[in-house]
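K.L.:
For the record, the sequence lines run as chains X and G. Take 1 as the starting number for the first sequence in the numbering used here and just add one per residue. Take 278 as the starting number for the second sequence in the numbering used here and just add one per residue. All C-beta atoms in this analysis are idealised placements derived from N, C-alpha and C, irrespective of residue type, glycine included. Values in this document were obtained by computation on a predicted structure and should not be read as measured data. Below are the structure tokens for one structure; questions will follow.
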Amino acid sequence: MKKVLLLLMMATAFPVSAKDCVQCVTAPSWLTIFNPFSLPNVPEPEPLIEIRTPTLPRDAGASYCRRNEEVVDTIVFHHTQTSSTSTVQNINTMHLDRGSAADPWLMIGYHYTINSPYTGGTVPTPVVNQGRPFNLAGSHAGTNAYRAADAETNRLMAEDGAIRCGTATGPLEEADDKFRNGLVKANYNTVAIAVIGNYAKRTSENPSGWRPSNPRYPSAGTIEMAGKLACELQRKHPRLKTIKWHSFYNSTDCPGLLKDRIPQIKAVAARFGCTFN
Amino acid sequence: MHIQLSIIAGLLCTTLAWAQPKQEEIKQLFAKYEQIIDGKKDVKVYDVFTKKFVAESGGEKSVMEGWEKEKKVSYDFSIKPSRMNKDMAYVQRIPAGTKQKPHSSFIVVKEQGQWRIEGTIGDEQ
């Protein structure tokens, strides 16, 4: 009897699944059923959107920063300012290509891209792709962009191990540029979503932008995908509560008229139970 | 062995140097670009932009028309050859006498032996 009680206590304190340990004796199923301390098995909600995960080449010589995913509290929207037919692979190649031997770029600077046709078009096929992994800091807001963050983000960022930087060949060391004048480095606590295409006005710096007589807004399909992606990310990372856009951090035209559609993106996310500031 | 490697490396460098756009070529290209922006009809669209760019922009007329007047500035050009495609380079226009860093680059590619503008890419880090 004592043995059974001891077994029961151990199973409650150290639940081990067969997957974790092949040599362990797993607790019998009746123990799981009658275990008063076990939580009910809540099924995960169906994903709102398919996120493709293509294999993207990286520059092994480039430096990068691994982060505690908990520090990420903000989504930043961009447009790529490229042709709408560009792909995540094209953007990755170009970002790799923009680096030099002395200052190589790791890979695409955005975490997610949304391919979507311009309003009235059918090309390209709408799809969400993973770019840079979520647990790596992005390269998108601007190296010198620092903004205020809430107390919890500040606390998490201050922890040792929150942001560790280095190269693939050397050790990772704690970043020494997490804070500046009490503000947090934006590339560290944000996740970047880039809508592929060009939603800014045509200027001499942006020849493929829209003409004044014909403003180019993201299509309803793009807004829907962006809202679902934002909500999906919040489900996985509940600290993601804010949506911003590139020009919030830097003097830039990015993301053009996509910025005007942020309220609609938040409304789509709200339909699926997600709330964003 | 070392000599052979040096020769190969030298040849590679020379090939790359040949493929890179020269400052003068880029200056000429962007001078023509300015003329298009100014509505000068004697410049051919396909002398400035690639066929892909023109097609995706809705055709020649669409590229020629609808430019808004901007304050004229002289530029210095920062040219970065592509590391993967010898017929491609990234060009940043920097207002002369400043260190103002643009938030995007022009993509120029070699088409029929001449450098042309293919588009842009945002490259904020």
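1) List the residues of chain X whose Cβ lies closer than 7 Å to the Cβ of Y323 of chain G, in chain order.
2) At a cut-off of 6 Å, is D319 of chain G close to the ligand GTP when judged by its beta-carbon and the heavy atoms of the ligand?
3) Taking 8 Å as the threshold, find out whether the region 206-214 of chain X comes into contact with the region 233-243 of chain X through three or more Cβ pairs.
4) Report back the beta-carbon spacing between N189 of chain X and V72 of chain X to the nearest angstrom; my notes put them in contact at under 8 Å.
5) Determine the chain X residues that contact K357 of chain G at a beta-carbon separation under 8 Å, and present them in chain order.
6) H111 of chain X touches chain G at which residues, Cβ-Cβ below 8 Å?
7) Secondary structure at M365 of chain G, three-state DSSP: helix, strand or coil?
8) Determine whether the Cβ of G343 of chain G lies closer than 7 Å to any Cβ atom of chain X.
9) When you compare only the Cα positions, how much space is there between L306 of chain G and W392 of chain G?
10) Pull up the CB-CB distance for M225 of chain X and I75 of chain X, whole angstroms please, since I reckon it's below 8 Å.
11) Could you please give the first and the last residue of the uninterrupted alpha helix (DSSP H) stretch that includes S355 of chain G?
12) For C65 of chain X, which beta-bridge partners are listed by DSSP?
13) Distance, Cα to Cα, E173 of chain X vs C165 of chain X?
14) So is K304 of chain G buried or exposed if we call it buried at 16+ other beta carbons inside 10 Å?
15) Helix or strand or just coil, what does DSSP make of S381 of chain G?
16) Count the other C-beta atoms from every protein chain shown that fall within 10 angstroms of the C-beta of Q300 of chain G, then say buried if there are 16 or more, exposed otherwise.
17) Which residues, in chain order, does the region 359-386 of chain G contribute to contact with chain X at a C-beta distance below 9 Å?
18) Starting from the C-beta of M341 of chain G, find all residues in its chain whose C-beta is less than 7 Å away, skip the five residues before and the five after it, and write them out in chain order.
19) Return the chain-ordered ranges of every beta strand (DSSP E) run that is complete within the region 209-255 of chain X and spans a minimum of 3 residues.
20) Taking 7 Å as the limit between beta carbons, can you name the residues of its chain near V22 of chain X, skipping five residues before and five after?
21) Note down the Cα distance separating Q389 of chain G from C65 of chain X, rounded to an integer number of angstroms.
22) Taking the continuous beta strand (DSSP E) assigned at Y112 of chain X, which residues delimit it?
23) I believe P126 of chain X touches S139 of chain X by the beta-carbon criterion, under 8 Å. Please report the beta-carbon distance rounded to the nearest angstrom.
24) For the structure I just gave you, are there three or more beta carbon pairs, one from the region 257-274 of chain X and one from the region 141-155 of chain X, closer than 8 Å?
25) What first and last residue would you give for the beta strand (DSSP E) that runs through L96 of chain X?
26) What is the rounded straight-line gap between the Cα of P57 of chain X and the Cα of K317 of chain G?
27) Taking just the CA atoms, how far does A366 of chain G sit from G273 of chain X?
28) When you compare the CB of G396 of chain G with every CB in chain X, is at least one pair closer than 7 Å?
29) Where do the ends of the alpha helix (DSSP H) carrying L156 of chain X lie?
30) Please determine, among G:G343, G:R360, G:A373, the residue with the shortest C-alpha to C-alpha distance to R202 of chain X.
31) Whole angstroms is fine: what's the gap from N187 of chain X's alpha carbon to G109 of chain X's?
32) In chain X, what lies closer than 7 Å to E337 of chain G by C-beta?
33) Just list the residues that DSSP pairs N206 of chain X with in beta bridges.
34) Between the C-alpha atoms of S100 of chain X and S334 of chain G, what's the straight-line distance to the nearest angstrom?
35) Leaving out five residues before and five after E337 of chain G in sequence, what residues of the same chain have Cβ atoms less than 7 Å from its Cβ?
36) Between which two residues does the alpha helix (DSSP H) carrying L306 of chain G extend?
P.N.:
With the given structure in hand:
1) Listed along chain X is no residue with a C-beta nearer than 7 Å to that of Y323 of chain G; the closest approach is about 14 Å.
2) Within the structure as shown, the ligand GTP is missing, as the structure has no ligands at all.
3) No, the region 206-214 of chain X is not in contact with the region 233-243 of chain X.
4) Yes, N189 of chain X and V72 of chain X are in contact; Cβ-Cβ is about 6 Å, under 8 Å.
5) Within chain X, the C-beta atoms nearer than 8 Å to that of K357 of chain G come from R98, S100, in chain order.
6) Chain G residues near H111 of chain X: none, gap ~14 Å exceeds 8 Å.
7) DSSP places M365 of chain G in strand when its eight states are reduced to three.
8) Contact with chain X is found for G343 of chain G, since one of that chain's Cβ atoms lies less than 7 Å from the residue's Cβ.
9) Each residue's Cα considered, the two are about 7 Å apart.
10) A Cβ-Cβ separation of about 13 Å leaves M225 of chain X out of contact with I75 of chain X under the 8 Å criterion.
11) Premise fails: S355 of chain G lies in the beta strand (DSSP E), 352-358, not in any alpha helix (DSSP H).
12) Paired residue(s): X:C165.
13) Between E173 of chain X and C165 of chain X, the C-alpha separation is close to 5 Å.
14) Answer is exposed; the Cβ neighbour count stays below 16.
15) Strand.
16) With fewer than 16 Cβ atoms within 10 Å of its Cβ, Q300 of chain G is classed as exposed.
17) Taking 9 Å as the upper bound on Cβ-Cβ separation, chain X lies near residues S359, R360, M361, N362, M365, Y367, R370, P379, H380, S381, S382, F383, I384 of the region 359-386 of chain G.
18) So the qualifying residues of the chain are I313, V322.
19) Taken in chain order, the whole beta strand (DSSP E) runs of length 3 or more contained in the region 209-255 of chain X are 242-245.
20) Any reading at V22 of chain X needs caution, since the residue's pLDDT is 39, under 50, leaving its predicted position unreliable; the model's value is listed next. Excluding positions up to five away in sequence, the list is empty.
21) Counting only the Cα atoms, C65 of chain X lies some 42 Å from Q389 of chain G.
22) Counting along the chain, Y112 of chain X sits inside the beta strand (DSSP E) bounded by residues 112-115.
23) In fact, because the Cβ distance is near 25 Å, the residues do not count as touching under 8 Å.
24) In short, these stretches do not touch, since the Cβ pair count stays below three.
25) Counting along the chain, L96 of chain X falls outside any beta strand (DSSP E), though it belongs to the alpha helix (DSSP H) covering 88-98.
26) The straight-line gap separating the alpha-carbon atoms of P57 of chain X and K317 of chain G is approximately 43 Å.
27) Linking G273 of chain X to A366 of chain G through their CA atoms gives a straight-line distance of about 45 Å.
28) Taking Cβ atoms only, chain X reaches closer than 7 Å to G396 of chain G, which makes this a yes.
29) Here the alpha helix (DSSP H) through L156 of chain X covers 151-158.
30) Closest by alpha carbon: G:G343.
31) For N187 of chain X and G109 of chain X, the distance between alpha carbons rounds to 10 Å.
32) Simply none; closest approach about 13 Å.
33) Answer by DSSP bridge pairing, in chain order: X:T203.
34) Cα to Cα, the separation comes out at about 31 Å.
35) The residues are V322, V331.
36) For L306 of chain G, the enclosing alpha helix (DSSP H) covers residues 300-314.
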